[in-house]
Every structure is written in structure tokens, then in C-alpha cells.
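Shown next as C-alpha cells:
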């Protein structure tokens, strides 16, 4: 087949892709452009390029401090959740992957069952529990439950990776006088670095996007995260379309930037995670 | 599974302290106990976290569902199954079940085949496929809140992008209500869900497609099979495990749907887009009928559980080697 005939044959396929691609991009592009308009212009000229590229919507939000606070809160909570869930899961996955002990299968089944607990089921009692522990309006009130709900998926993925590491290494380490924890800490974790990266990226994205739990836990705005902030901003400035668009675009930037850097890990994690669950 | 951590004199918690001379039988029991303690010790933090913040709350919801309770103090007003019989007469809740079914069917009939078609397309050698792949997956990375706000603006009646586009091509009659109309809200919501989630399923399918050995399709090609025959008889059967996972995730996702709905419509207009989770939230956090809201949680959980178990038993059985309940050691 010559190059030219292949080009002709794939033309309809390209057309389909361009159309689907346009549907995906247009809402995003519309938001970016609208952020550069005034709300007046937005109703006169909904989808043209801006007549004058106003940057005030964007700079106003970036200069206000409130936005940065949300970014900071989201970051703190995402990092806290990730460190906690990965550390705790790694220990558990190590034990599942490398020990034969009574009750292992029962325990593992309990964790995997956790995959199908909808968060909404636990939301009410969890809220009451956090209230009685004084963890409402406290970042720990989001970090701890997020880590707990992230355990099943993280343990399953890590266990899979840990099982692939050959048993001979373990024997060698034991002969050299390594304790179980020593092997875990000095041999297994360094070798499993790619797997740890994958589960960390998954945990960061899940935490960053979580809406339900921060909505329950944070009643005052000190600790609001980005998703809550976006929703509140829309409610507050519902008449000022252009500003809401600018806010939306800025709120998308961190997630999309992170995605472009960690794409491989994220997709790898989701595909192994999904098929192993 | 073999473990090399059957503690001898050098390893385990007793390291450095030679074991006292005991009869061999007791030494073995003791060694086993130590081994068990080490293994479970590693599980401890995970167990504490999971039990305290996942299992206990779920169990407590099961308990609270049998009480009339406002959420303060401990539940004391036991009403047996009243909350559940009330659910069966609650039009909003029955509507939730119906809408859930509609979303499941739409996802399976429209969203997944679309995702599969895109995956097959992008599995070919095409110019720019990496870009398309990234692009189609990108919305999955945006939070539901951002997606929701974005589309509530895109589908704003009259002023939104969607209406302007329809107006520009002379189809004004089609637009207008979107999320504001009782009859259009679910369709509009489904469009947004497809925009956001199809890329995720496409990625799953792509991963599945790439694990199919090229020799098989080549062999079919040599045997004279056309593109459709190759897809139908080679690709599709080999992709079946991936598709079954995709179906599973779609259904569970539809049962739990909350964020998008809450951000875009809060269940409105007049409950026409409400889901089980939204109804639960309304009763539990806005109207302080915590017992009744717990009953909704329990039903949600029951549906998930029955579906998951049945699906695993009858559909996934062949696929999940080494995962979930089929694990029975690996025989080494």
C-alpha cells in the first residue's frame, strides 16, 4: 500500500476524530476566550475572539489571594492524603504479597470489598464521627477519610507490583541479616519506585478533585478546596459570566498541568487499577 | 506463596535474644505466632484506618436506618422497617431508581460503544493519535465541580454557548431549556457525563486492545477475513474482559452519581435530575432526617453489593484471576 492510498483511506477516520476533538475542545476554548471579555461583550459576541483582550478578570483573581489560599489548601490536603495512603498501603500490601498468614485471604477480601462501598453510604455517620472528634473545619477531617477510602485500590495495585519482585532477593536479604521491615524499607520500596509513583499520582488526582467530602467537612471558608471554591464563586458572581469563566480556567490549570506531566503514571495506574479491581 | 520470613534465630522481633530452650513443638508454635504477629503488624495501620473510617461508618448507617433520628445523641426511637416502607412510597426515591436505570442503560448503549469505537480508531496508526488520546482523556482529570460549573454556563438558557451554536445553524427550537427543563435535564446531564467519562473508558479499551497479539489479527487477515469479521471474531472476544470491567465501573458510577448533579442542578428542576445520593444528602444534611437518609444509604449499598456480587459470580468469574474473592493462594 503506498503512502498516498493510505492517506485517502484514513480521511474519513480523521474527519471523525476532528469532529469529536472539536466537541471536546470547544467548551474549554470558549471558557478561555470568554475570560478575556467583559460580561457585556460576552452577550453581544459569544463566540468570536475578544474585541479587546481584557486581562482584568484573570489578573483580578490571581491578585486577590483568595484563589491562592484555595490552591494552597488543595495542595496541602492532596499531599497529606497521598503520603498517608501510600505509606499505610505499602505496609499492608507488603504483608499481603510476602507473608503466608492465617486470615490473609479474608482480610484481603475485606479490603477489596471496600472498592464498591459508595462514599455516599458512609457519608452521614462519617460526618457525625468527625463532628464528635472535633475534626470538622480541620484538614485532617478530609485527609483521614480520603486516605481510608483510597486504601483498597492502592493496596491492590501495590500488592500486584510487590509480588513481581523475585523471592531470591528476599532470601538473600534475610541471609544478610535483614529483618522483614529492613527488607521492605531497604530493598522493596526502592525497587517499587515506579509503582509508588503511579499510586501517588492517582491519590493526588482523586484528592484534588474530591468535592463531596470537603463540602461536608468545611463549613467556613478558611479550608475550602478548589472544587468548593469554584462552586461558591459561581454562586456569588452568577451575573458576571466573564469573571466566572476566568475563575474556571484558572482552576483548571493546576489539574491539566499535573496531567501533562504525569500522564503516563495516571493512565497506567487507572488501567492496572481498574483491571485488577 | 512462600515466605522466607519464617523467623529463625536471627530475624523477627526476637532478634538478638536467643530463644530459651523449649520443647520443639512449643518452639514451632511460638515461631508461628511471631510470624503471624509480624505479618499482621504491617497490616495494623491500614486496618485501623479502614475499620474506623470506612467499615464502622457503613455499619453504623445500617444500624441508624432502623431509627427515627435527627442526628444528635444516639438513635433511640426504634421504628423497625418504617424508613424502608416509607422509601417505597416516596416518589422522589422511586424516581431516583428510575433515573439510575436510565443512566445505566444510556451508558451501556451509547457511551461505552462510543468509547470502544474511539479506542479502535486510535489503536490504528494515524497521524496525531497521541494528541487525540490526550485530548479525549483530559476531561477525566478535571474535577466534577469544574466540569459542572463549566457546563452549567455552556448550557445556560439563551445566553449559553449551546444555544448560540444552535441559533447560528438555525435550530433555535432545539435549545433553550437544557438543565432547566424537566424533560431535557437528564439528556443534558448524560451529555456532560459522556464528555467527561468516555475518555476514561476509551483508555481502558485501548490498553485492552494493545494487549491483543498482532499475530492473531494478521492470521485472520491471511485467512481472508474482512475488517468487520476481524473485529467481530478476533478483537471483540479478546477484549471481552476489558469490556466487562468497563460495564462494571459504569454501573457502579451511575449508582453513586452525586458531584455533577449537585453542582449543576442540585437535583432540580423539581427533583427531575435527583439521584439517590442527592436525595440522601437532602434528607441527611438539609432536613436532619438522618435515620431516613441512612435508609437511602443502605439501599444504595444493597444495590451496589447485589450487583457487584452477581456480576462477579456470573460475569467476571473467568477474568479475575488473582483478584478479589477468587484468590486462594497461588499454589507455590
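Protein chains in written order, with the UniProt record's numbering: chain A, 1 to 277; chain B, 1 to 332.
Here a beta-carbon is modelled for each residue, glycine too, at the ideal position from N, C-alpha and C.
Since this is a predicted model, take the numbers as computed values, not measurements.
Taking C-beta to C-beta, are residue 300(B) and residue 122(A) nearer than 8 Å? For the purposes of this step, residue 300(B) is taken as the residue at position 300 of the second chain. For the purposes of this step, residue 122(A) is taken as the residue at position 122 of the first chain. Not a contact, by the Cβ cut-off of 8 Å.
So residue 304(B) is in the alpha helix (DSSP H); what residue range does that whole segment cover? Here residue 304(B) refers to the residue found at position 304 of the second chain. Start and end: 290-311.
With which residues is residue 67(B) paired in a DSSP beta bridge? Your numbering for residue 67(B) matches position 67 in the second chain. DSSP, once it has assigned bridges, lists 78(B) as partnering residue 67(B).
Taking its Cβ as the centre, do 16 or more other Cβ atoms sit within 10 Å of residue 237(B), making it buried, or is it exposed? Along the second chain, one-based indexing puts residue 237(B) at 237. In this structure residue 237(B) is exposed. Its beta-carbon is surrounded by fewer than 16 other beta-carbon atoms within 10 angstroms.
On the DSSP letters alone, give me the boundaries of the alpha helix (DSSP H) that residue 72(A) sits inside. The sequence position of residue 72(A) within the first chain is 72, counting from 1. For residue 72(A), the uninterrupted alpha helix (DSSP H) segment begins and ends at 66-98.
Look at the alpha carbon of residue 316(B) and the alpha carbon of residue 272(A), and state the distance between them as a whole number of angstroms. Counting from 1 along the second chain, the entry for residue 316(B) is found at position 316. Counting from 1 along the first chain, the entry for residue 272(A) is found at position 272. CA-to-CA, the gap between residue 316(B) and residue 272(A) works out to about 16 Å.
What runs of the alpha helix (DSSP H), each 4 residues or longer, lie entirely inside the region 150-199 of chain B? If you keep only unbroken alpha helix (DSSP H) runs of at least 4 residues inside the region 150-199 of chain B, you get 161-168.
Can you list the residues of chain B that residue 256(A) reaches, using a CB-CB cut of under 9 Å? Along the first chain, one-based indexing puts residue 256(A) at 256. 138, 141, 142, listed in chain order.
Using a C-beta to C-beta distance shorter than 7 Å, which residues of chain B count as neighbours of residue 89(A)? Residue numbering aside, residue 89(A) sits at position 89 when the first chain is read from its first letter. Think of a sphere of 7 Å around the beta carbon of residue 89(A): the chain B residues whose beta carbon falls inside it are 46, in chain order.
Output needed for residue 146(A): all residues of its chain with C-beta closer than 7 Å, excluding positions within five of it in sequence on either side, in chain order. Mapped onto the first chain, residue 146(A) falls at position 146. These residues qualify, in order along the chain: 81, 207, 210, 213.
Tell me whether the region 105-118 of chain A and the region 42-60 of chain A touch, counting them as touching only if at least three CB pairs, one residue from each stretch, are closer than 8 Å. The region 105-118 of chain A is not in contact with the region 42-60 of chain A.
In terms of residues, what are the limits of the alpha helix (DSSP H) holding residue 136(B)? Taking the first residue of the second chain as 1, we reach residue 136(B) at position 136. Counting along the chain, the alpha helix (DSSP H) containing residue 136(B) begins and ends at 129-141.
Answer yes or no: do residue 92(A) and residue 42(B) have a C-beta to C-beta separation smaller than 8 Å? Here the question's residue 92(A) lines up with position 92 in the first chain. Here the question's residue 42(B) lines up with position 42 in the second chain. Result yes, Cβ atoms of residue 92(A) and residue 42(B) sit closer than 8 Å.
Report the neighbours of residue 47(A) on chain B: residues whose CB is nearer than 9 Å to its CB, in chain order. Against the first chain, residue 47(A) aligns to sequence position 47. Those within 9 Å of residue 47(A) in chain B are 161, 164, 165, 168.
If the cut is a Cβ gap below 7 Å, which residues of chain A does residue 259(B) touch? Within the second chain, residue 259(B) is the residue found at index 259, counting from 1. What residue 259(B) touches in chain A: 211, 212.
From residue 64(B) to residue 49(B), what does the alpha carbon distance come to, in whole angstroms? Here the question's residue 64(B) lines up with position 64 in the second chain. Here the question's residue 49(B) lines up with position 49 in the second chain. Rounded to whole angstroms, residue 64(B) to residue 49(B) spans 22 Å at the Cα level.
Flag residue 300(B) as yes if its beta-carbon sits less than 8 Å from any beta-carbon of chain A, otherwise no. Position 300 of the second chain, counted from the start, is the residue given in the question as residue 300(B). Chain A contact via Cβ: present.
Using a Cβ-Cβ cutoff of 8 Å, what residues of the region 58-88 of chain B are near chain A? List them in chain order. Correct list: 58, 60, 61, 64, 71.
Which word fits residue 170(A), buried or exposed, when buried means at least 16 other C-beta atoms lie within 10 angstroms of its C-beta? Counted from its first residue, the first chain places residue 170(A) at position 170. Note on residue 170(A): 16 or more other CB atoms within 10 angstroms of its CB, so buried under the neighbour-count rule.
Option in 221(A), 71(A), 234(A), 18(A) with minimal Cα separation from residue 254(A): Working through the first chain from its first residue, we reach residue 254(A) at position 254. Across the set 221(A), 71(A), 234(A), 18(A), the C-alpha of 71(A) shows the shortest separation from the C-alpha of residue 254(A).
Over the uninterrupted alpha helix (DSSP H) stretch that includes residue 140(A), give me the two end residues. Indexing the first chain from 1 puts residue 140(A) at position 140. Counted as a single uninterrupted DSSP element, the alpha helix (DSSP H) harbouring residue 140(A) occupies residues 140-164.
Start-to-end residues for the alpha helix (DSSP H) that takes in residue 212(A): As a working note, residue 212(A) is residue 212 in the first chain. Where residue 212(A) is concerned, the enclosing alpha helix (DSSP H) stretches over 212-217.
Cβ neighbours of residue 148(B) in the same chain (closer than 6 Å, five flanking residues each side left out): Sequence index remark: in the second chain, residue 148(B) carries index 148 (1-based). Counting only residues of its own chain and dropping the five nearest sequence neighbours on each side, residue 148(B) has a CB closer than 6 Å to the CB of 260, 263, 264.
Give me the chain A residues within the contact set of residue 107(B), using Cβ-Cβ distance strictly less than 7 Å, ordered along the chain. Here the question's residue 107(B) lines up with position 107 in the second chain. Residues of chain A passing the Cβ test: none, with the nearest at roughly 15 Å.
How would you label residue 78(B), buried or exposed, when you count the other beta carbons within 10 angstroms and need 16 or more for buried? Here residue 78(B) is taken as the residue at index 78 of the second chain, counted from 1. Only exposed fits residue 78(B), as fewer than 16 other CB atoms lie within 10 angstroms of its CB.
Could you list which residues in chain A have their beta carbon closer than 7 Å to that of residue 132(B), in chain order? Along the second chain, read from residue 1 onward, the residue named residue 132(B) stands at position 132. In chain order: 17, 21.
Secondary structure of residue 286(B), DSSP reduced to three states: Here the question's residue 286(B) lines up with position 286 in the second chain. DSSP places residue 286(B) within a helical segment (H, G or I) once states are collapsed to three.
I need the DSSP call for residue 35(B), collapsed to helix, strand or coil. As a working note, residue 35(B) is residue 35 in the second chain. DSSP places residue 35(B) in helix when its eight states are reduced to three.
For a contact defined as C-beta to C-beta under 9 Å, what are the partners of residue 297(B) on chain A? Residue mapping note: residue 297(B) aligns to position 297 of the second chain, counting from 1. Within chain A, the C-beta atoms nearer than 9 Å to that of residue 297(B) come from 118, 120, 121, 122, 123, 124, 125, in chain order.
Using DSSP with H/G/I as helix, E/B as strand and the rest coil, what is residue 114(B)? For the purposes of this step, residue 114(B) is identified with residue 114 of the second chain, where counting begins at 1. Looking at residue 114(B) - three-state DSSP - the assignment turns out to be helix.
Check whether the region 153-170 of chain B and the region 219-237 of chain B touch, using three or more Cβ-Cβ pairs below 8 Å as the test. They do not touch, by the three-pair rule.
How far does the alpha helix (DSSP H) with residue 43(A) in it extend, from its first residue to its last? If you number the first chain from 1, residue 43(A) lands on position 43. Its alpha helix (DSSP H) spans residues 39-44.
Give every residue of the same chain whose Cβ lies closer than 8 Å to the Cβ of residue 240(A), excluding the five residues on either side of it in the sequence, and list them in chain order. As a first step, residue 240(A) is located in the first chain; it is residue number 240 there, counting from the start. Excluding positions up to five away in sequence, the list reads 39.
Please list the segments of the alpha helix (DSSP H) lying wholly inside the region 215-243 of chain B, counting only runs of 4 or more residues, in order along the chain. Complete alpha helix (DSSP H) runs here, min 4: 227-230.
Could you name the residues of chain B that residue 129(A) contacts, counting a contact when the two beta carbons are closer than 9 Å? Residue mapping note: residue 129(A) aligns to position 129 of the first chain, counting from 1. Contacts between residue 129(A) and chain B, judged by CB atoms closer than 9 Å, involve 52, 53, 56, 57, 60 in chain order.
Could you tell me whether the region 87-103 of chain B touches the region 283-302 of chain B, using the rule of 3 or more Cβ pairs below 8 Å? Judged by Cβ distances under 8 Å, the region 87-103 of chain B makes contact with the region 283-302 of chain B, as three or more pairs qualify.
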